[in-house]
Amino acid sequence: MDGLSDRVLIRGGKPLSGGIVAQGAKNAALPVMASALLLSGRRLTLERVPDLQDIHTMADLLRHLGAGVNFDKGRMTIDVPEDLKWETPTDLVRRMRASSLVLGPLVARCGRAVLPLPGGCAIGSRPIDLHLKALVKMGAEIDLEHGSVHARTDGLKATRISFDFPSVGATENVLMTAAMTPGESVIENAAREPEIVNLAQALRAMGARVEGDGSGTIRVRGTRSLGAASVRIIPDRIEASTYLLAGVMTRGEVTVNGINPEYLESLIIKLEEAGIPVGVFADSVSVSCRERRWRGITLKTLPYPGFPTDLQPQIMAALCMADGTSVIQESVFDSRYVHVGEFKRMGSKLDIQGNTVVVTGVPRLTGAEVRASDLRAGAALILMGLAAEGETVVCSLKHVWRGYESLLCKMESLGADMRLIPDADGA
Ligand code: EPZ
């Protein structure tokens, strides 16, 4: 994956057809990897870990802290020593916001942690105030000095944490911290994503008692001595949905295998509302859109089980080609519309009104050179290129390699005409 070109040339207009297998979920693997820090002199084994830039970044961070990480063909072992470092390097933390997931485990394990404040990114300011407020409630002292969080504690205490917003990362940080804090902690207004449930499975396997994961209230009975464990990472619902939308936009027939259809319920509901029938099976989902038109719809992104914000750019791309008007409201992030400008370069009609975008469907899109601003916007631009007439070049693909394993192989197996091209300066 390293050294992959940063640009792809796509010749659009070809219906995709065939099946792909969903990768392991990036946003489940990252917190489960961080939870390994709760072990002392023991091993955490993970199955179905996707081979992605962000996974390697987290592995490098764990190695920096003293863990031994081996990763081969989806199987990862993390051996955690009795003594861990508790200062995290700025370059790794700034590269990936999910690095903040080591904060709770380090405070629980070492009584201390120093974490450079993760930067904002193209989709918003992305503070970690909810994480910090919860750790203070559990007995940590937090100082912000020189752009870093300095956390320390003489002993955490089990308590009740109630979130103002069901933050995924904050729920994960508190869940991991509570798993190592003796007594019963209760997390209210917790995030309910499937990735939270996968993390809870890992913590239960280590010996913590966790109940209610997947609901808004999670009860944790922690223990200082967590044991070696093995956990299988769930399939990636956002990657799976991205390929289904590729099938819709190219008016082809695409099946995603190895996915739990429950994870895609909000997408399935919206596709059927748009007039796109979806095939739902025990562990696969399919769309068949030959010659099909679809209607405009209204949707609002919400925490799970609502429509996922990580699918907002991709469904917006599909609605750019709908018969009629759609209204999309982004309620999770404060500025997740950077991709709108790039969509317009391909002939889309979009009008941003505050945190809402009005999408006027057009009969066709035309290829152009466009630039990815973040992971999901980059994926959406690839979908636009697959559907557009003519050639599209998508630049800044480094964002896309962070979250989509073997994307070129998978798309080519579905019949996409796309290939990497040298960077503009011939590098
Ligand atoms: C996770 O990010 C995902 N990342 C994101 O996926 C996803 O978009 C997001 O959840 C929402 O589903 C990983 O799991 C690694 P949040 P996270 O805390 O935990 C605000 C991708 O494409 N907030 O639920 O950072 C925040 O600013 C990535 O894979 C605070 O205000 O999301 C945002 O507006 C992109 N204070 C909202 O809550 C806090 O302390 C949701 O954030 C924390 C969050």
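The numbering of the sequence shown is numbering that gives the first Met the number 0, which starts it at 0 and goes up by one. C-beta: ideal position from N, C-alpha, C; glycine also.
Can you list, in chain order, the residues of its chain with a C-beta nearer than 8 angstroms to that of residue i? Leave out the 5 residues immediately preceding and following it.
i	result
Glu192	Asn26, Val167, Pro302 and Tyr303
Residues in the same chain with beta-carbon distance under 7 angstroms from residue i, minus the five sequence neighbours each way, listed in chain order, please.
i	result
Phe70	Val48 and Ala58
Lys136	Thr158 and Ile160
Gly389	Gly11, Thr365 and Gly366
Val173	Gly103, Ala133, Ile160 and Ile186
Ser347	Cys319, Val361 and Leu364
Asp422	Ser4, Asp5 and Arg6
Ile232	Gly23, Ala24, Ala27, Ala28, Val31, Leu45, Glu46, Arg47, Val48 and Asn197
Arg291	Arg250 and Ile275
Can you list, in chain order, the residues of its chain whose CB lies under 6 angstroms from that of residue i, leaving out five sequence neighbours each side?
i	result
Gly67	Asp78
Gly65	Pro80, Leu83 and Lys84
Arg375	Asp309 and Pro312
Thr216	Glu187
Gln22	Pro49, Asp235, Glu238 and Glu404
Ser325	Gly295, Ile296, Leu318 and Val358
Thr241	Gln313 and Ala378
Considering just the uninterrupted stretch of the beta strand (DSSP E) at residue i, what are its terminal residues?
i	result
Met320	No beta strand (DSSP E) contains Met320, which DSSP labels as neither H nor E.
Cys288	Note, Cys288: premise wrong, no beta strand (DSSP E); not H, not E.
Pro234	From DSSP, Pro234 is part of no beta strand (DSSP E); its letter is neither H nor E.
Ile327	Thr324 to Gln328
Leu301	Taken as a continuous stretch (DSSP letters only), Leu301 belongs to no beta strand (DSSP E), as it is neither H nor E.
Arg375	Segment Leu374 to Ala386 is the alpha helix (DSSP H) holding Arg375; no beta strand (DSSP E) there.
Val219	Thr216 to Gly221
Please name the residue or residues paired with residue i in a DSSP beta bridge.
i	result
Val361	Answer by DSSP bridge pairing: none, since Val361 is not bridged.
Glu368	Val392
Ile351	Val356
Ala228	Leu43
Ile296	None; Ile296 has no bridge partner.
Glu187	Ser161 and Thr216
Considering residue i, what are the terminal residues of the alpha helix (DSSP H) in which it resides?
i	result
Met205	Pro193 to Met205
Leu413	Taken as a continuous stretch (DSSP letters only), Leu413 belongs to no alpha helix (DSSP H), as it is neither H nor E.
Lys13	No alpha helix (DSSP H) holds Lys13; DSSP gives it neither H nor E.
Asn26	Lys25 to Ser34
Val339	His338 to Lys343
Arg208	No alpha helix (DSSP H) contains Arg208, which is instead part of the beta strand (DSSP E) from Arg208 to Glu210.
Val277	Counting along the chain, Val277 falls outside any alpha helix (DSSP H), though it belongs to the beta strand (DSSP E) covering Val277 to Val279.
Val331	No alpha helix (DSSP H) holds Val331; DSSP gives it neither H nor E.
Val48	Val48 -> no alpha helix (DSSP H), and no H or E assigned at all.
Within the 9 angstroms Cβ cut-off, does residue i reach chain C?
i	result
Ala316	The chain labelled as chain C is not found in the depicted structure, where only one protein chain is given.
**Prompt:** In chain order, which beta strand (DSSP E) runs of at least 3 residues are fully inside the region 104-184?
**Reply:** Qualifying beta strand (DSSP E) stretches, in chain order: 111-115, 140-144, 147-151 and 159-161.
**Item:** Every unbroken alpha helix (DSSP H) inside the region 53-114 [4 residues or more]
**Value:** Runs of alpha helix (DSSP H) with 4 or more residues, each lying fully within the region 53-114, are found at 89-94 and 102-109, listed in chain order.
**Prompt:** Does the region 120-136 come close enough to the region 324-344 to have 3 or more Cβ pairs within less than 8 angstroms?
**Reply:** By the criterion of at least three beta-carbon pairs nearer than 8 angstroms, the region 120-136 is in contact with the region 324-344.
**Message:** Check whether the region 260-280 and the region 407-421 are in contact - that is, three or more C-beta pairs closer than 8 angstroms.
**Reply:** Not touching, per the Cβ criterion.
**Prompt:** So does the region 388-395 actually touch the region 251-271, counting three or more Cβ pairs closer than 8 angstroms?
**Reply:** They do not touch, by the three-pair rule.
**Prompt:** Quick one: any contact between the region 237-253 and the region 193-212, if contact means 3 or more CB pairs under 8 angstroms?
**Reply:** No: fewer than three Cβ pairs fall under 8 angstroms.
**Message:** For the region 11-20 against the region 173-188, do three or more pairs of beta-carbon atoms, one drawn from each stretch, fall closer than 8 angstroms, so that the two count as touching?
**Reply:** Output reads no: the region 173-188 does not touch the region 11-20.
**Prompt:** Taking the runs of the alpha helix (DSSP H) that are 4 residues or longer, which of them lie wholly in the region 243-270?
**Reply:** Counting only runs of 4+ residues, no alpha helix (DSSP H) is found wholly inside the region 243-270.
**Asked** Counting pairs of Cβ atoms below 8 angstroms between the region 278-287 and the region 316-325, do you hit three or more?
**Response** Note that the region 278-287 does not touch the region 316-325; fewer than 3 beta-carbon pairs, one per stretch, sit closer than 8 angstroms.
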